[in-house]
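Using my numbering, read the sequence shown as starting at 850 and increasing by one per residue.
What follows is a set of notes on a single structure, which appears directly below.
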Amino acid sequence: MSKYVEESLIIAALESDREEVQRLVGDMLPGERRALLDAIELVEEELEAAPEQPGKGQP
Numbered sequence: 850m851s852k853y854v855e856e857s858l859i860i861a862a863l864e865s866d867r868e869e870v871q872r873l874v875g876d877m878l879p880g881e882r883r884a885l886l887d888a889i890e891l892v893e894e895e896l897e898a899a900p901e902q903p904g905k906g907q908p
């Protein structure tokens with residue numbers, strides 16, 4: 850997955866642009882989708898483990 854596609858996907862998701870997210874994911878190869886899912890799972894784990902107060906976590 851190119852850096853441009855990654856950035857576009859993140860921006861579309863942040864803007865809640867479901868149609869653009871669906872289009873971008875639909876254009877991905879299966880291996881790229883798996884890599885994206887792995888990255889999302891890692892982010893979810895870190896968010897769940899993060900302290901409740903913003904800015905109080907470790908860099």
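Don't be surprised by glycine CBs; every beta carbon is placed ideally from N, CA and C.
As the structure is a prediction and not an experimental result, all values here were calculated from the model.
Distance from the CA atom of glutamate 894 to the CA atom of glutamate 881, rounded to whole angstroms, is 20 Å.
Taking 8 Å as the cut-off, the beta carbon of alanine 884 is found no closer than this to the beta carbon of leucine 873. A residue is called buried once 16 or more other Cβ atoms fall within 10 Å of its Cβ, and leucine 858 is buried on that count. Of all alpha-carbon atoms in Arg867, Met877, Glu868, Ser865, the one lying nearest the alpha-carbon of glutamate 855 is that of Met877. Taking C-alpha positions only, alanine 899 is separated from glutamine 871 by approximately 29 Å.
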